[in-house]
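Line by line, the protein sequences give chains A and B. Here the first sequence stands for residues 838 to 949, numbered as in my numbering. Here the second sequence stands for residues 32 to 144, numbered as in my numbering.
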Amino acid sequence: GQQLNQSPQSMFIQEGEDVSMNCTSSSIFNTWLWYKQDPGEGPVLLIALYKAGELTSNGRLTAQFGITRKDSFLNISASIPSDVGIYFCAGISNFGNEKLTFGTGTRLTIIP
Amino acid sequence: DTGVSQDPRHKITKRGQNVTFRCDPISEHNRLYWYRQTLGQGPEFLTYFQNEAQLEKSRLLSDRFSAERPKGSFSTLEIQRTEQGDSAMYLCASSFDSHQPQHFGDGTRLSIL
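Listed below in structure tokens is the structure:
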């Protein structure tokens, strides 16, 4: 099935560094969401975006809904060990179509 | 804990057997979704319910798969005559309505021997 393009695929950073990742699509999405998944668990919602151009923060996390509606960005500031995990973007394409289309994921590893 | 609950967490079965998974959504959420996630991939949509009505099914949902939500509360996903390719994590999510984000359970990991 279709999956959104997410980059980078993986990141190795030191604690305290800032992180940026993005998600792109060839088609328009009306809702963008960012989830984090730890091993053996389900995705946990981080941020939801509903309007083109919207910038939303949740603590050290900030996400933006691209103005073209074809992309979204997630930034994490001052990373800490519990930020380790896989980050997924997800989009909903049309009003009335409720299924989430997920990205391929970005695996974040913090180097001690 | 008032999150989405899935049971069992793990299921190991022989090829050809039938399996059934259960999902209990967050209370008062009328939308319930099923997704499948294979190793290294993001979840892929299977089907969803608004109350007891099944409104959409993915092409991934072959004839061997059936999902129900008989009273508009919990849901079951059954796989008949399991195959090796059915090995995956099966995730359930729920939302209050179509405008609210989906919240996921911790999934059922299915392994086919």
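Beta carbons: idealized from backbone N, C-alpha and C, even for Gly.
- Minimum Cα-Cα distance from W869 of chain A among the listed residues A:G903, A:M858, A:S863 corresponds to A:G903.
- Ranked by Cα distance from G940 of chain A, the options A:P876, A:N895, A:I948, A:D908 are led by A:D908.
- Here T33 of chain B is not bridged, per DSSP, to any residue.
- T113 of chain B is a Cβ neighbour of R46 of chain B, given a cutoff of 7 Å.
- As the crow flies, the alpha-carbon of Q901 of chain A is around 24 Å from that of F76 of chain B.
- For Q85 of chain B, there are no neighbours in chain A by C-beta distance under 8 Å, as the nearest C-beta there is about 12 Å away.
- For G116 of chain B, the secondary structure class from DSSP, reduced to helix, strand or coil, is helix.
- The beta carbon of P101 of chain B sits no closer than 7 Å to any beta carbon of chain A.
- Under the 7 Å criterion on CB atoms, D117 of chain B is classed as non-interfacial with respect to chain A.
- In this structure, the alpha-carbon of S857 of chain A lies about 29 Å from that of N934 of chain A.
- In the three-state scheme derived from DSSP, where H, G and I count as helix and E and B as strand, D855 of chain A is classed as coil.
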